[in-house]
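For the record, the sequence lines run as chains B and F.
Take the working numbering: the last position of the first sequence gets the number 398, and nothing is skipped along the way.
Take the working numbering: the last position of the second sequence gets the number 476, and nothing is skipped along the way.
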Amino acid sequence: MDRFLVHQKKAAAAATHAIVIGAGDYPHLVNGSQKLSDYHDGMGQLSSPPLSARAFAEWLINSYENPDRQLETVALLLAENPATTFTNPATGAQLNPERANYSNVAAAIQDWARRGAENPNNLLIFYFCGHGVAQGSDMSLLTAEYGADPLAPLDEALDFRKFRLAMSRNLPNQQIYFVDACRASSDSLIQSQGYAGRTPVQVGQQSAAETPIYFATLSGEDAFGKQGEVSFFTKALIKGLNGMGSDNPEGKWLVTTTRLKEAIDYEVKRAFEGGVKRRQVPPTDELSTFVIHRLKSQPEVPVTVTCEPDSHNQQAEFSYAYQGVEKDRRTPANESWSIMLPAGDYEFRAKLPQGIREPVEKPVHIRPIYRKVIIEV
Amino acid sequence: MSSGLQLRLEKFLFGQEVPANGVIANIYALDPKKHKNSKRNVVIPVGSGSTFRSVEVEPGHYLVEAIMPSGDIISKEAEAVEGQWAKIELKGEHSAHEWHSWQNLLGNVQSSSGYFAATEKVSLPNYDVLLIDKPRLELQSGSARSRDVWRVLAAVSAQKGGNFPSLSLAPLQREHPIQTDAGTQLHSFNTNFHGDRTNLPRWYAVVVTPRTVRLSTVPCPWFTVEHEVNSELLVIRNADQSVGTSWVVQDTTLGTVLGYLANGALKVALDVANHQSALEMLFAKYQNPLGAAAGGYVLIGTMKAGEKSPWHDWIKNLRRDFKFLPDGAIQYAWLKLKQADVRKNRAEARNALFEAFDRGLPYYSLGLQWLLDGLTLLGEQDHEATERLKVVQRISWLADMSNLFTTLDLGR
């Protein structure tokens, strides 16, 4: 198996190939293990990206299902301190992911792109979580050794705009990009006179591929969530893929590019309403619709249960039942009750000092993207 | 007998209604055996009026879901009974102020509870907003405009202190802002233009903050069938002295389309814009060049590679007939770049990109990005393209790409 791969299983015909990169250990940024770069711009060590990248790679291996383009390879590169093994959840194999420095990232991207180009109907998935610096629509994704060379700090960065543009003129015809990076605004890009990093792929001679991009759209390190947790965007992405971003127009639950965007947008909006700041994000320059994933089971749907007026939540003991059997309850609290439920029909109730209250709809039908259950008091 | 649902989304929009091209909705049949009765991508009215969209469905139990440009989702169950039309009114969240309502619908400012929680401890004075309504030649509209626009902006951006005499800044004449509170201020613009629509005047708003001077393309004049409508600029003054700006065009045909476009939901924008042939009308009548440009971005952004379609001629005409509009030329270049590989249509795309460059700053941020990407695709060996690319890239670094209309932070 290629040194960057953590998963390989030969697909019958067209296949899906993924590359997953998580950079959290930056030796030349603040609190790093080596000499601090003059170009640190206040950026430091991140605990979330390796965890997020692992979570996404595990999701791909465990859950990804695309009958027309089965998962054939997953390449995983991490920068974490200390480096730890990755256990392939399908095979149990213990693997040592290569470090996410530029030379490895570039080589792994070239291998990934070559595999993808073998069949125009293949699907390529690119995922990056780590530091990013941006000016306008230029964006550098910083690999682990960023700042190592004081003369050329951005040589340890991927010029994402040019990279994606070049890939869009190479096979295969469909490629998806997930970029989970805090788009820190940096003068480094301006000082570098337009140099935003290297790109390991040149513009090819193919017609334009469909290359939807999903940027994390929350600002600053808040977007990475709590220390030692999977990032907010990656959680939203996995929720979307687990069904929040699915629909069943023909009966089977499918996650499409557009539905996934609606699901991620909704999650981002919830965080935004919760006080997390939005960041500047380039408008998506294309978003064609195609199927990413077919669910093997019922979709998981976020549900919010609340009294109306919501001031009664602090006295309400919420519960829900499925097919007449109570499944869960929550003791009174100031806020509404947020839970994830498989799609289906449920009964909800609120036990209040003035008695039991239920929603008008009985049962309440739960399906993606989201359902708010209102219990009038 | 027929049966169905009559749908609308109730949301206060300062007394206005978007009766046709409102928001996107899905109608899901809840009986698993009848999932084929579901209907997706239905466009329903939004606003504070009384227009319902009638959708014929088989009798049964349904879940209606509306997805707003802001990304907010509102759903409600409904029963369709044989021979009857059930009226279903979904209710949108309230905005903090009536004058926030359009901006809230489009996702530019939070709803009431979130907004007040975020701003309760903040009270900042208004930022000055100035207008460039008689820009110097390079910044004006029209075929006489030279490529020097880029250099003017680059030179201006190198100045400090928010004093830009070379831009002919003028204080706003009318009452400004028209509304304000502890954290936001609203400005309204209308050029009252009655001249030749193939050569529109170009205005810029300049927002002066403690941290930056922000130059923003005013999306005016913007015409509906009847008249020119107002474009409103919301300035958000954040506690950390950073600034947010966003535009709403009070166009009851295309207003929400712009919201979906700004949030990257291009497919939804296309579905909404196509409803009742609004998009076709936009290009057929040519009454609203800036609106037609928005339609062009939606069409090209969602087109498949190699696709051939009658609307391709619309883009050709937009480029040809509106020489003041850089965006039409950029869109034509990308039409060519998407129709075939770069080598095959290179000459046509290159000519269109150079023409767009000479026409000046694109009205839309997406145009700035496509101009940059298009020039990049021409390759480093093309020295004329590289020369333009460097200039465009330098300007693009100043851009706040989250704004639909080109917005530059000049005083960083």
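Ideal Cβ positions, reconstructed from N, Cα and C, are used throughout, including at glycine.
Proximal chain B residues relative to residue i, where beta-carbon distance stays under 7 Å
i: Ile137/F; result: Tyr287, Ile390, Tyr391
i: Glu74/F; result: Result: empty, since nearest Cβ-Cβ is about 15 Å, beyond 7 Å.
Closest Cα partner of residue i within the set the options
i: Asn254/F; options: Thr244/F, Val313/F, Gln445/F; result: Val313/F
i: Val398/B; options: Phe147/B, Gln335/B, Tyr60/B; result: Gln335/B
i: Lys30/B; options: Glu93/B, Tyr85/B, Asp62/B; result: Glu93/B
i: Leu401/F; options: Ser124/B, Ala229/B, Ala33/B, Leu275/B; result: Ala229/B
i: Trp378/F; options: Lys368/F, Gly323/F, Val362/F; result: Val362/F
i: Asn302/F; options: Ala182/F, Ala348/F, Leu322/F, Lys75/F; result: Ala182/F
i: Leu453/F; options: Lys368/F, Asn467/F, Gly438/F; result: Gly438/F
i: Glu157/F; options: Leu194/F, Trp163/F, Ile137/F; result: Ile137/F
i: Ile300/F; options: Ala369/F, Leu195/F, His164/F; result: His164/F
i: Pro109/F; options: Leu154/F, Ser310/F, Leu399/F; result: Leu154/F
i: Pro88/B; options: Ala127/B, Val95/B, Ala34/B, Pro110/B; result: Ala34/B
i: Leu72/B; options: Phe253/B, Glu177/B, Ala111/B; result: Phe253/B
i: Arg275/F; options: Gly86/F, Glu412/F, Glu444/F, Ser306/F; result: Ser306/F
i: Arg204/B; options: Ala187/B, Leu275/B, His152/B; result: His152/B
i: Phe347/F; options: Ala413/F, Leu73/F, Ala357/F; result: Ala357/F
i: Val385/B; options: His339/F, Asn190/F, Val128/F, Val82/F; result: Val128/F
i: Leu97/B; options: Gly43/B, Lys256/B, Gln91/B; result: Gly43/B
i: Arg392/B; options: Leu373/B, Trp358/B, His61/B; result: Trp358/B
i: Thr471/F; options: Val270/F, Asn172/F, Ala84/F; result: Val270/F
i: Ser66/F; options: Glu74/F, Ala89/F, Glu120/F, Ser177/F; result: Glu120/F
Neighbour list for residue i in chain B, Cβ cutoff strictly below 9 Å
i: Thr366/F; result: Glu307, Leu308, Ser309, Thr310
i: Ile131/F; result: Glu283, Asp286, Tyr287, Ile390
i: Ala329/F; result: Thr279, Lys282, Glu283, Asp286, Thr305, Leu308
i: Arg278/F; result: Result: empty, since nearest Cβ-Cβ is about 12 Å, beyond 9 Å.
i: Gln305/F; result: The contacting residues do not exist; Gln305/F stays about 13 Å from chain B at best.
Beta-carbon separation (whole angstroms), residue i vs residue j, contact threshold 8 Å
i: Asp385/F; j: Thr262/F; result: 6 Å
i: Ala142/F; j: Ala150/F; result: 6 Å
i: Arg182/B; j: Ser158/B; result: 6 Å
i: Ala155/B; j: Ser206/B; result: 6 Å
i: Arg370/B; j: Glu379/B; result: 5 Å
i: Val322/B; j: Ala364/B; result: 6 Å
i: Ile152/F; j: Lys140/F; result: 6 Å
i: Gly365/F; j: Pro390/F; result: Wrong, their Cβ atoms sit about 17 Å apart, outside the cutoff.
i: Tyr148/B; j: Phe199/B; result: 5 Å
i: Thr309/F; j: Arg266/F; result: Actually they do not touch by this definition, with Cβ atoms about 18 Å apart.
i: Phe311/B; j: Gln195/B; result: 6 Å
Contact set between residue i and chain F, taken where Cβ atoms lie within less than 7 Å
i: Pro363/B; result: The premise fails here: Pro363/B is roughly 14 Å from chain F at the closest Cβ pair, so nothing lies under 7 Å.
i: His386/B; result: Leu94, Leu127, Glu141
i: Arg75/B; result: What Arg75/B touches in chain F: nothing, since even the nearest Cβ is about 28 Å away.
i: Glu321/B; result: Ordered by position in chain F, no residue passes the 7 Å Cβ test against Glu321/B, which lies about 16 Å from the chain.
i: Ser228/B; result: Ala369, Gly370, Ala404, Asp405
i: Lys183/B; result: Thr440
Per-residue contacts from residue i into chain F (C-beta, under 9 Å)
i: Leu186/B; result: Asp437, Thr440, Leu441
i: Val224/B; result: Val406, Thr440, Leu441, Gly443
i: Glu356/B; result: Per Cβ cutoff of 9 Å: no residues; Glu356/B is ~12 Å from chain F at best.
Contact list for residue i against chain F, beta-carbon separation under 8 Å
i: Glu79/B; result: Under the 8 Å cutoff, chain F gives no residues; its nearest Cβ is about 28 Å from Glu79/B.
i: Arg190/B; result: Asp405, Val406, Leu441
i: Lys290/B; result: Ser134, Gly135, Asp136, Gly171
i: Glu382/B; result: Glu141
Along the stretch 441-468 of chain F, what residues have a CB closer than 9 Å to any CB found in chain B? Leu441, Gly443, Leu453, Lys454, Gln457, Arg458, Ile459, Ser460, Trp461, Leu462, Ala463, Asp464, Met465, Ser466, Asn467, Leu468
Residues in the stretch 396-410 of chain F with C-beta within 7 Å of chain B's C-beta atoms, listed in sequence order? Of all residues in the stretch 396-410 of chain F, only Leu401, Lys402, Ala404, Asp405, Val406, Arg407 place a beta-carbon less than 7 Å from a beta-carbon of chain B.
Quick check: the stretch 150-170 of chain B against the stretch 208-224 of chain B, are there 3 or more CB pairs under 8 Å? yes
Within 8 Å of chain B by C-beta, residues of the stretch 370-387 of chain F in sequence order: Gly370
Using Cβ-Cβ distances below 7 Å, what residues of the stretch 258-277 of chain B are close to chain F? Asn269, Pro270, Gly272
Do the stretch 115-126 of chain F and the stretch 343-362 of chain F make contact, defined as three or more Cβ pairs closer than 8 Å? no
If the cut-off is 9 Å on Cβ atoms, which residues from the stretch 38-52 of chain B count as contacting chain F, listed in chain order? none
Taking a cut of 9 Å between CB atoms, which residues from the stretch 192-220 of chain B lie near chain F? Asn194, Ser206, Asp208, Leu210, Ile211, Gln214, Gly215
If you pair each beta-carbon of the stretch 248-262 of chain B with each one of the stretch 344-355 of chain B, do three or more pairs fall below 8 Å? no
Counting pairs of Cβ atoms below 8 Å between the stretch 60-80 of chain B and the stretch 125-137 of chain B, do you hit three or more? Judged by Cβ distances under 8 Å, the stretch 60-80 of chain B makes no contact with the stretch 125-137 of chain B, as fewer than three pairs qualify.
At a CB distance below 8 Å, what residues from the stretch 151-162 of chain B approach chain F? Give them in sequence order. Gln156, Gly157, Ser158, Asp159
Touching by the beta-carbon criterion (3+ pairs, under 8 Å), the stretch 327-336 of chain F and the stretch 277-291 of chain B: yes
Quick one: which residues of the stretch 308-321 of chain F get their C-beta closer than 7 Å to a C-beta of chain B? List them in chain order. Residues of the stretch 308-321 of chain F that bring their beta carbon within less than 7 Å of a beta carbon in chain B are absent altogether.
Chain B contacts made by the stretch 82-111 of chain F, where a contact means CB separation under 9 Å: For the stretch 82-111 of chain F, residues whose beta-carbon sits nearer than 9 Å to a beta-carbon of chain B comprise Asn90, Tyr92, Leu94, Pro96, His99, Lys100, Ser102, Arg104.
For the 8 Å Cβ check, are there 3 or more pairs between the stretch 257-269 of chain B and the stretch 310-320 of chain B? yes
Three or more C-beta pairs under 8 Å: does that hold for the stretch 45-59 of chain B against the stretch 222-237 of chain B? no
Interfacial residues, the stretch 116-137 of chain B to chain F, with Cβ spacing under 8 Å: none
What residues in the stretch 148-172 of chain F have a beta carbon less than 9 Å from any beta carbon of chain B? Gly171
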